[in-house]
Structure formats: structure tokens, C-alpha cells
Amino acid sequence: MSPASQGTTLLQTHFSMAQPSESTHVSELEHNIIIAADQGRLDIVTKLLDGGTDPNTSDTIGTTALHNAAKQGHWHIARLLLERKASSELRDGHDKTAIDYAIQAGHRKVVHLLLECDPGPRTGRELCLAARCGHLDIVQDLLDHGAPTLAPVNRSTPLHVAAMQGHHEICDVLLAHDKRLNRSIWERMTGPKLAVDSRGALGRTPFSWAVTKNHTRTVEVFLQHYPSLVGSFDHKSKMLCFFEAIEAKNVEMVRAFLDHGVDVEMKNEYRQRPLHRAVAAGSIEIIQMLLDKGAATDQKSKVGCDVEMFTYDPKIKMMLRNSASARSKGSSSGSASARTAAPPPPEYKA
1 MSPASQGTTL LQTHFSMAQP SESTHVSELE HNIIIAADQG RLDIVTKLLD
51 GGTDPNTSDT IGTTALHNAA KQGHWHIARL LLERKASSEL RDGHDKTAID
101 YAIQAGHRKV VHLLLECDPG PRTGRELCLA ARCGHLDIVQ DLLDHGAPTL
151 APVNRSTPLH VAAMQGHHEI CDVLLAHDKR LNRSIWERMT GPKLAVDSRG
201 ALGRTPFSWA VTKNHTRTVE VFLQHYPSLV GSFDHKSKML CFFEAIEAKN
251 VEMVRAFLDH GVDVEMKNEY RQRPLHRAVA AGSIEIIQML LDKGAATDQK
301 SKVGCDVEMF TYDPKIKMML RNSASARSKG SSSGSASART AAPPPPEYKA
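For the sequence shown, the UniProt record's numbering assigns the number 1 to the initial residue and increments by one for each residue that follows.
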């Protein structure tokens with residue numbers, strides 16, 4: 001045999017050893033319930049169960065047939081496994097149960113099945129997972145089965161998670177749900193705060209997360225439920241949330257704050273007002289919005305800086321001066337009109 005032929009033979013031998021044959025894969029599929037469930041082979045799963053295979057058989061990382069059926073959305077296989085006493089509570093090496101995988105993948109029908117077969121109390125973890133993944137229907141299903149929306153101090157709630165991700169429809173559902181909670185006075189005093197008021201692990205409320213992440217539509221949803229949030233303070237950034245929106249130059253978010261009655265003369269710790277921050281940010285559109293809402297141009301900060309001192313932009317300086325001049329003329333003409341409208345004194349008679 002020539003050296004070239006020997007090399008070819010060795011290469012073919014190496015490849016055949018490295019790659020399992022198709023017959024090997026088929027054999028494994030027919031004898032491994034975990035793989036059969038992953039591939040959606042109801043016929044093989046049924047045959048293996050009828051032959052005495054334990055439905056809770058797991059591989060080296062704790063994966064069971066039910067984990068795989070839930071992950072892939074194979075409802076018929078999941079139902080069969082549950083009928084044959086497969087446990088829905090087993091956790092794999094990733095600390096996930098079958099319902100965790102079904103939630104994550106958005107397989108609502110499988111989630112329904114697992115909820116019906118396991119009537120035990122649901123967990124906030126499941127609801128957080130559904131909220132993070134943006135599965136609105138599954139969030140509602142979990143709420144209907146009693147999943148908790150509140151969390152202990154310094155723990156993130158499902159509302160935190162949804163707000164961080166910008167899932168405004170889920171935030172709407174969770175906010176409406178919390179408003180309907182019927183808690184006793186004692187529970188209100190000793191239990192966790194409503195999710196809208198709670199600070200998560202990083203000290204932020206759900207609303208401040210929505211502002212920080214620039215999720216404008218989510219911010220609007222929060223303000224529709226709780227207009228008082230316009231005055232919120234972000235304890236992580238140490239800033240007023242309205243000021244954060246201004247400095248991010250998020251015009252639509254600023255408009256949402258204004259539409260819900262934010263005080264355009266609110267002050268931060270340096271006695272700076274929204275107009276100071278808008279001028280510093282250089283956002284002409286936001287500056288105009290604040291001026292249209294009556295923001296004063298003559299207010300000074302804690303160190304005595306007026307609004308013009310926060311910019312070198314000549315266009316912005318002229319905007320501020322023209323606004324101040326127009327207001328001055330308006331007040332002067334108003335005073336003059338008042339004087340003109342006054343009745344004349346009685347005619348003097350000698």
C-alpha cells in the first residue's frame with residue numbers, strides 16, 4: 001500500500017471513530033427516554049415506559065425526560081410522563097424544573113399542563129422568569145394560580161424585572177393586580193411593600209429602572225397608574241427621575257412627565273431646576289417644552305448660577321432671553337391694560 005493510501009485509510013478510521021454512526025444514534029434514541037422526549041418521539045417514550053423505564057430517569061446533569069419535553073413544547077409527551085408519575089418538582093444541575101423550561105421557552109400549553117398537575121403554591125421566581133422573557137399570557141396564568149408579586153426587602157419583584165426589560169404590557173398587568181390586593185392593616189404594616197414602592201437589590205424601584213433604561217412606554221404605563229411618581233427619586237443614581245429623563249434627552253419621556261403634572265420648578269439638592277438641567281444637556285426641544293409650561297428663567301442654583309450660566313450655546317442663550325423678554329412684556333401689557341380699563345376719575349368741578 002502506498003504512503004498516500006495509508007494516510008487516507010488512517011484519516012477515514014479517525015473520522016469514523018470521532019463521529020458516531022447513524023445506527024448508533026438511532027440505537028441510543030430507542031433506548032434513552034431522555035433523548036426520545038427531546039426529539040418528540042411519543043412512540044418511543046411510550047414503548048420505554050411500557051417496558052418499565054423509570055420516568056424520572058436523569059442524565060449526568062440531572063436532566064429528565066420531562067425537562068426536555070417541557071423545553072421543546074412536546075405537550076403529549078409531557079402529559080404521558082405526568083400520567084406515569086414523572087415528578088414536576090425535580091431540579092436539574094441548572095437548578096431548573098420542568099415548568100421553568102416551559103416558561104422560558106414560552107410554551108403556554110405545557111405551562112398550563114404543569115400548573116394543573118401541580119396545584120401547590122407558585123413561586124415569585126416563576127413569575128419573574130415569565131416577566132423577564134416577556135410572556136404576557138403566561139404571566140397572567142401564573143397570577144391566576146396565585147403566584148406572588150411581592151418580595152422581601154432588597155429583593156427584586158416581577159415588576160422590577162418587567163420594568164428593567166421594558167415589557168410595558170406586563171407592567172400594566174402587574175400594577176393592576178397589585179392595586180386589587182386585599183391586604184389587612186397588619187399585613188400592610190408588617191408585610192412587604194407593594195411592588196411599585198419596593199426597592200430591589202440595587203436600591204431602585206421598578207419605576208426608576210424604567211426611567212434609567214429609557215423605556216418610555218413603560219414609564220407612561222407607571223404614570224397612568226400612579227401619577228404621583230413624577231416626583232420620584234432614584235436612590236441608586238441619587239437623582240430625581242425627571243432630571244434623569246432630561247439629562248438622557250429623552251423628549252417623549254419628558255413629555256410623559258409633563259403630561260402627568262410634574263412640577264417644572266422642582267429642585268435637586270443643589271437647588272437646580274429642570275430648566276437648569278435641560279440647558280446643561282443642550283436639548284433645545286426639552287428647553288422649549290419647559291418654557292411652554294412656564295419654567296422660570298430667572299431662578300438661581302445653590303451657588304448663585306442662573307440658567308444662562310449652564311450653557312455656552314448662543315442659540316440657547318437667546319431662547320432664554322427671548323422667553324424672559326416675552327414674559328416681561330406680557331406682564332407689562334397686562335398691567336397697562338388693567339390701568340387703562342380702570343374707570344376715569346370724576347370730572348373736577350370748581
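Idealized CB from N, CA, C, for every residue including glycine. Here the structure is a predicted model, which is why all the values come from computation and not from measurement.
- Message: Going by the DSSP bridge assignment, what does Ser58 pair with across the sheet?
- Response: For Ser58, the beta-bridge partners assigned by DSSP are Thr64.
- Would you kindly work out how many angstroms separate the C-alpha atoms of Gly40 and Val110, rounded to a whole number? Spanning the two alpha carbons is a distance of roughly 14 Å.
- Task: Tell me whether Asp313 sits in a helix, a strand or coil according to DSSP, three-state version.
- Result: Correct three-state label for Asp313: coil.
- Close-in-space but distant-in-sequence residues of the same chain around Arg277 (CB under 7 Å, 5 per side omitted): Excluding sequence positions up to five before and after Arg277, its CB lies within less than 7 Å of the CB of Phe243, Ile246, Glu247, all in the same chain and listed in chain order.
- Would you report the Cα separation of Asp50 and Ala69, rounded to the nearest angstrom? If you take the alpha carbons of Asp50 and Ala69, they lie about 18 Å apart.
- Query: Along the chain, where does the alpha helix (DSSP H) that runs through Thr216 open and close?
  - Reply: Per DSSP, the unbroken alpha helix (DSSP H) holding Thr216 starts and ends at 216 to 225.
- What residues in its chain sit with their C-beta under 7 Å from that of Leu258, if we drop five residues either side in the sequence? Within the same chain, Met289, Lys293 come within 7 Å of Leu258 by CB-CB distance, once the 5 residues on both sides are set aside.
- Please name the residue or residues paired with Leu240 in a DSSP beta bridge. Paired residues: Phe233.
- Select from Ile61, His76, Ser58, Gly62 the residue whose C-alpha is nearest the C-alpha of Ile44. Of the candidates Ile61, His76, Ser58, Gly62, the one whose C-alpha sits nearest the C-alpha of Ile44 is His76.
- Task: For Asp43, name the three-state secondary structure that DSSP assigns.
- Result: It is helical.
- Message: Whether or not the region 155 to 166 and the region 116 to 123 are in contact is what I'm after, with contact meaning three or more pairs of Cβ atoms, one per stretch, closer than 8 Å; do they touch?
- Response: They do not touch, by the three-pair rule.
- Message: Do Ile286 and Met319 have their beta-carbon atoms positioned less than 8 Å apart in this structure?
- Response: No, they are not a contact pair.
- Report all residues from its chain with a CB closer than 6 Å to the CB of Asp298; omit the five preceding and five following residues, and keep chain order. Annotation for Asp298: no residue places its beta carbon closer than 6 Å to its own, counting only its chain and skipping 5 residues before and after.
- Query: Going by alpha carbons, who is nearest to Arg91 out of Ala78, Leu115, Gly62?
  - Reply: Checked all of Ala78, Leu115, Gly62; the closest Cα to Arg91 is Gly62.
- Task: Report buried or exposed for Thr60, applying the criterion of at least 16 other Cβ atoms within 10 angstroms of its Cβ.
- Result: When all chains shown are included, Thr60 counts as exposed.
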